[in-house]
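Report on the structure given below.
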Amino acid sequence: MFPSRIWREMPQRYRLEASTCKKCGKIFYPPRLICDKCGYRKFEKINLPEEGKLKTFTVIRTPASQFSDEAPYAIGIIRFSNGLQMMGQIVDCDLEKLKIGQAMRLEFRRVQTHDTHGVLSYAHKFVPKWY
Amino acid sequence: MRDVAVVGIGIMKWGELWEKSFRDIFVEAALNSLDDAGVDKIDSLVVGCMTGGLFVGQEHVGAIMADYLGQKNIPAAHVESACASGGLALRQGIFEVASGMSDIVMAAGVEKMTDTSGDGATYALAAAADQEYEVFHGVTFPGLYAMMACAYMNKYKVTRKQLSSIPVKAHHNGAMNPYAQYPFPIKIEDVANGVKVADPLYLLDCSPITDGAAACILTTVENAKKMKKPYIKITGSGMATDTIALSQRDSLFWLKSTEIAGKNALKMAGRKISDIDCVEVHDCFSIAEALVTEALGFFKPGMGVKAAAAGKTALDGQIPVNPSGGLKSKGHPVGATGIGQVVEIVKQLRGEAEGGRQIKGSPKIGMTQNMGGSGASAVVHILEVE
Ligand SMILES: [Zn+2]
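Which chain is which? The protein sequence lines are A and B, in order. Counting from 1, one number per residue, gives the positions in the first sequence under our numbering. Counting from 1, one number per residue, gives the positions in the second sequence under our numbering.
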């Protein structure tokens, strides 16, 4: 990924920054310039909760080449208590034991290493919360 | 607005066509559509192609195809809506004829997917998803539909075997289609005995990588009558969009863009879903076919897979779905798929479907549904015998 792209996305990727509409309160990740619910254009920066519930998942067995070292790996969509949903890899888990509804904790991990520009990119991954 | 009809259709044998170029596959299908219509000059060309740039390094698709088709200096546009580019080309072609700007328009689609590696194709196709917030994390297209399937099967208690009935039906129909990439039947146990791509989807749940093109000739109904050829009237067109990222949808298995596009097309045609005699839908993955039949209203939410497993979508079922073999068996040259669907419905309505796959009882009203990405865009058309 081109370095400027990684740099530009650091607030949401590294600090999990989202934005909430100052009028209707809808939360957006990544941040947007206009609210799709009420049309308002002013937002407040918030940090995402660090826990959510697994809504769906899959195990990728034929990945794109930059992820080939990691296959098979799980990826899923989680839902936070504030209604926001996001996608991410699920790691440190038994692939056979994943279940919809499981509690997941967000952790900061390396996502891509095989980059043509030599950039290591980091972002959130999900880890099942067994306790 | 002027009423619009299809007066010619053209397709070619789809597959891994290493001996044929991007431009040649387009011209082959396009010439077949001109011959079918009995026309040698068109006023304008609209070509759907998802990404000539990423697959073969060729953009400026409208101009190159008009040039090689021998239609010098005509206006030509390339339209793109990922895998729904073909459906969109038809819709734009209809606008051009209906508005009075052109009298004879070719709406076509083309994709050359095998001049790159499997990894190159994966990269190109992933461009239709949310690059920064989905693909970045390592998801693939099978992965996105697998996530829909996982949530759906969990909610409605659908079995793996029920889901396998969809590709089995596709290959049954496609085996009778001489233009199909994989014209052979498969057995239900073949699906889950195959290679797992993204749980719960196996290789036989997925549409293939295909080179192919298709074209149709549009004109006014008034013109069509003068041409004294069988014509099929286009009575409805609908298009809608949805969030680019699957994760941003409240329901991960309700295809909202297809629901809205379908309702708008039916409203324009003055029809209801039970009036439809046959339909070609976007079965890029087995689960997609079921979700589409629910979103269009053929079956209740949660009943799409079960209805298919019960034979309701077979050639002799309640609503024949994908008589052509669908994307699964016929092939999925992404930009051409939407026009390939129109070719099949026109054949069915004319009573010309080859190989024993003609639907009995002379179908009069057909529908096509073409979808982009994980449902971020959808285009629906209704075609009728007048
Ligand atoms: Zn708002």
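Beta carbons: idealized from backbone N, C-alpha and C, even for Gly.
Cβ-based neighbour list, residue i, same chain, cut-off 6 Å, excluding 5 preceding and 5 following
| i | result |
| --- | --- |
| B/GLY62 | VAL47, ALA76, ALA77, HIS78 |
| B/GLU354 | PRO178 |
| B/TYR388 | With chain B covering only 1 through 386, there is no way to say anything about residue 388 of chain B. |
| A/GLU17 | PRO11, LYS45 |
| A/LYS81 | Rather than Lys, the amino acid found at residue 81 of chain A in this sequence is Ser. Excluding residues within five positions, none has a Cβ falling inside 6 Å. |
| B/GLY120 | none |
| B/SER329 | ALA170, HIS171, GLY174, ALA180, TYR182 |
| A/ILE6 | VAL119, SER121 |
| B/ALA213 | ILE25, PHE26, ALA29, VAL110, ALA336 |
| A/HIS124 | GLY88, LEU106 |
| B/ALA269 | THR235, GLY236, ILE382 |
Distance CB(residue i)-CB(residue j) smaller than 7 Å
| i | j | result |
| --- | --- | --- |
| B/VAL97 | B/VAL105 | yes |
| B/GLU386 | B/LYS233 | yes |
| B/GLN369 | B/CYS278 | no |
| B/SER85 | B/GLY304 | no |
| B/ALA413 | B/ALA378 | Lying outside 1 to 386, the shown extent of chain B, residue 413 of chain B is not represented and no answer is given. |
| B/LEU252 | A/THR56 | yes |
| A/PRO42 | A/CYS24 | The sequence as given places Lys at residue 42 of chain A; Pro does not occur at that position. No. |
| B/ILE382 | B/THR235 | yes |
| A/PRO72 | A/VAL91 | no |
| B/LEU69 | B/ALA126 | no |
| B/GLU259 | B/ALA288 | no |
| B/CYS216 | B/VAL380 | no |
| B/ALA89 | B/ALA107 | yes |
| B/GLU384 | B/GLU280 | no |
| B/MET371 | B/ILE276 | no |
| B/ASP36 | B/ILE11 | no |
| A/ILE77 | B/SER247 | yes |
| B/LEU54 | B/ALA124 | yes |
| B/ASP211 | B/LEU17 | yes |
| B/GLY302 | B/TYR156 | yes |
| B/MET176 | B/ARG350 | no |
| A/TYR14 | A/LEU84 | no |
| B/GLY143 | B/ALA82 | no |
| B/ASP283 | B/GLY325 | no |
| B/ALA245 | B/GLU80 | no |
| B/ILE359 | B/PRO320 | yes |
8 Å Cβ shell around residue i - same chain, five flanking residues per side excluded
| i | result |
| --- | --- |
| B/ASP103 | ASP43, VAL97, THR219, THR220, ASN223 |
| A/ALA74 | PHE57, THR58, VAL59, ILE60, GLN89, ILE90, VAL91, CYS93, LEU95, LEU98 |
| B/LYS364 | ASP277, LEU349, GLU384, VAL385 |
| A/ILE100 | LEU54, LYS55, THR56, PHE57 |
Proximity test, residue i beta-carbon vs ligand 2 heavy atom, cut-off 6 Å
| i | result |
| --- | --- |
| B/HIS78 | This structure lacks ligand 2; the ligands present are ligand 1. |
Cβ-based neighbour list, residue i, same chain, cut-off 7 Å, excluding 5 preceding and 5 following
| i | result |
| --- | --- |
| B/GLY52 | PHE22, GLN58, GLU59, VAL61 |
| B/ASP190 | LEU204 |
| B/VAL56 | PHE22, LYS112, ASP115 |
| B/ILE94 | VAL4, LEU218, ILE234, SER237 |
| B/PRO167 | ILE186, VAL191, LEU204, ASP205, SER286, LYS328 |
| B/SER165 | ILE188, ALA308, ALA309 |
| B/LYS161 | ILE188 |
| A/LEU33 | ARG41 |
Task: Contact shell at 6 Å, judged by CB to any heavy atom of ligand 1, ordered along the chain - done: A/CYS21, A/LYS23, A/CYS24, A/LYS26, A/CYS35, A/LYS37, A/CYS38, A/TYR40
Open item on the list: In chain order, what are the residue ranges of uninterrupted beta strand (DSSP E) at least 3 long that sit wholly in the stretch 215-270 of chain B?
Closed with: 232-241
Task: Complete alpha helix (DSSP H) runs within the stretch 16-78 of chain B (minimum length 4 residues, chain order) - done: 22-37, 52-56, 61-68
Open item on the list: I'd like the ranges of any alpha helix (DSSP H) spanning at least 4 consecutive residues and lying wholly in the stretch 318-367 of chain B.
Closed with: 326-330, 334-350
- [ ] Would you list, in sequence order, the uninterrupted beta strand (DSSP E) runs of no fewer than 3 residues that lie entirely inside the stretch 43-99 of chain A?
- [x] 43-47, 51-60, 73-79, 85-90
TODO: Go through the stretch 87-136 of chain B residue by residue and report every complete run of the beta strand (DSSP E) that reaches 3 residues or more, in order.
DONE: 105-111
Task: Every unbroken beta strand (DSSP E) inside the stretch 162-225 of chain B [3 residues or more] - done: 196-198, 212-220
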